[in-house]
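K.L.:
Structure in structure tokens, see below.
Numbering (our numbering), first residue to last: 4 to 377.
This is the structure:
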């Protein structure tokens, strides 16, 4: 029988190379000279954590504005890691795969969880199919993907490896309905996360698969949520240092521990005095595109209009739709949306802009747009 002490990690794997904690604490002394920039930054954070640093600088993702730098305390990060570890029963000897960008809170908190729970840590530089970067026989108990990665991992046939895990998180971007359907093939619990840099990663989870998938987010223990006068979520907890965080996320509060996410307050389109939630239209648009075998990334935003103030406009990535394709799409949307929600214009965009963390950057895409309407 293996002693508990034998399970405790003394090193981590980073892009296939082993680094001992004792050496990381002395970083950059005794480190390889051929590290790339990402590896160097990951090891520097690990050095700080292992040496007991009490404050850490984090960057926001910039998905709704300019990226900002904020300072988080060790206690905040530890509190967040403790909740996730308790929820998924993570402990010494478990194996963590970190394939998110560790320069942002989603990836960085995976490192913290592994250190705090004494888990074996395998880190790979972010790419579409991160499991392609580890040995075929390597097994893991826990990981977190962005939707693009989860889709690529499923397409590559890694289902059996995923099903041997305790849990999988998915976040960083919207989970499309088509991906939700794909996830149903998995036995491993898959959860969409809700959180932000200011809350030290997720504070609520929504189950995607299994016998009880739900449209509602369930708040983790010790997190207090409410609504402001706009109907937007507010958060107070130890991860916010008991300060009230007010978000721009419109929610429907079911009870003190459960809410439905409706969309961003700054993504509401005021069209002729009618308020249209862009994310609702996007969900219907995504399903319609898939049904017509026109699957592609798309988003909806308001475009200035003299008569309406703003008109609902759909931005589609890739080549312009043909007249027939656009007519078919319009017919489906007319059937499934209220008349004020149906896009009045379709704009083709060769490639969407993204933030440094890989999220869709709507504002930058619109600002840089040179393509003519379809």
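All residues carry an ideal CB built from backbone N, CA and C; glycine is no exception.
(1) If you count every other CB in all the chains shown that lies within 10 Å of the CB of residue 238, and 16 or more means buried, which is it?
(2) Indicate the three-state DSSP secondary structure (helix, strand or coil) for residue 207 in the structure shown.
(3) Pick out whichever of 244, 257 and 232 has its Cα sitting closest to the Cα of residue 250.
(4) Please state whether DSSP places residue 258 in a helix, a strand or coil.
(5) Closest to residue 109 by CA distance: which of 339, 120 and 147 is it?
(6) Below 9 Å between beta carbons: does that hold for residue 118 and residue 53?
(7) Assuming residue 274 contacts residue 328 (C-beta within less than 8 Å), just tell me the rounded distance between them.
(8) From residue 173 to residue 149, what distance separates their C-alpha atoms?
(9) Look at residue 303 and residue 323 and say whether their C-beta atoms are less than 9 Å apart.
(10) Under the assumption that residue 59 contacts residue 80 (Cβ atoms under 8 Å), give the Cβ distance between them as a whole number of angstroms.
(11) Within 10 angstroms of the Cβ of residue 338, are there 16 or more other Cβ atoms? Answer buried if so, exposed if not.
(12) So if DSSP puts residue 264 in a beta bridge, which residue, or which two residues, is it bridged to?
(13) Can you find the residues in the same chain that come closer than 6 Å, C-beta to C-beta, to residue 321, ignoring five residues on each side of it along the sequence?
(14) Do residue 283 and residue 265 count as a contact pair if the criterion is CB distance below 9 Å?
(15) Just verifying my parser: in three-state terms, what is the DSSP assignment at residue 273?
(16) Under the rule that 16 or more other beta-carbon atoms within 10 Å means buried, what is residue 193, buried or exposed?
(17) Pull up the distance between the alpha-carbon of residue 116 and that of residue 205, whole angstroms please.
P.N.:
Judging by the given coordinates:
(1) Counted from its first residue, the chain shown places residue 238 at position 235. Residue environment: residue 238 is assigned as buried (16 or more neighbouring CB atoms within 10 Å of its CB, all protein chains considered).
(2) Sequence index remark: in the chain shown, residue 207 carries index 204 (1-based). Correct three-state label for residue 207: strand.
(3) In the chain shown, the residue the question calls residue 250 occupies position 247. Minimum Cα distance to residue 250 is reached at 232.
(4) Mapped onto the chain shown, residue 258 falls at position 255. Residue state, collapsed to three classes: strand.
(5) Start at 1 with the first residue of the chain shown, and residue 109 comes out as number 106. Nearest C-alpha to residue 109: 147.
(6) Position 115 of the chain shown, counted from the first residue, corresponds to residue 118. Position 50 of the chain shown, counted from the first residue, corresponds to residue 53. Yes; because the gap between Cβ atoms is below 9 Å, this pair is in contact.
(7) Mapped onto the chain shown, residue 274 falls at position 271. Mapped onto the chain shown, residue 328 falls at position 325. The C-beta separation of residue 274 from residue 328 comes to about 24 Å, leaving the pair out of contact by the 8 Å criterion.
(8) Within the chain shown, the letter at position 170 stands for residue 173. Within the chain shown, the letter at position 146 stands for residue 149. Roughly 5 Å between the two C-alpha positions.
(9) Your numbering for residue 303 matches position 300 in the chain shown. Your numbering for residue 323 matches position 320 in the chain shown. No, the pair does not count as a contact, with Cβ atoms beyond the cut-off.
(10) Residue numbering aside, residue 59 sits at position 56 when the chain shown is read from its first letter. Residue numbering aside, residue 80 sits at position 77 when the chain shown is read from its first letter. With 8 Å as the limit, residue 59 and residue 80 qualify as a contact, their Cβ atoms being about 7 Å apart.
(11) One-based indexing of the chain shown puts residue 338 at position 335. By the 16-neighbour rule on beta-carbons within 10 angstroms, residue 338 is exposed.
(12) Numbered from 1 along the chain shown, position 261 holds the residue referred to as residue 264. Per DSSP, 254.
(13) By 1-based counting over the chain shown, the position of residue 321 is 318. These residues qualify, in order along the chain: 299.
(14) For the purposes of this step, residue 265 is identified with residue 262 of the chain shown, where counting begins at 1. For the purposes of this step, residue 283 is identified with residue 280 of the chain shown, where counting begins at 1. Yes, these two residues count as a Cβ contact at 9 Å.
(15) Position 270 of the chain shown holds residue 273. Assignment of residue 273 by DSSP, reduced to helix, strand and coil, places it in the strand class.
(16) Taking the chain shown and counting its residues from 1, the one referred to as residue 193 is at position 190. By the 10 Å Cβ count, residue 193 comes out buried.
(17) Taking the first residue of the chain shown as 1, we reach residue 116 at position 113. Taking the first residue of the chain shown as 1, we reach residue 205 at position 202. If you take the alpha carbons of residue 116 and residue 205, they lie about 12 Å apart.
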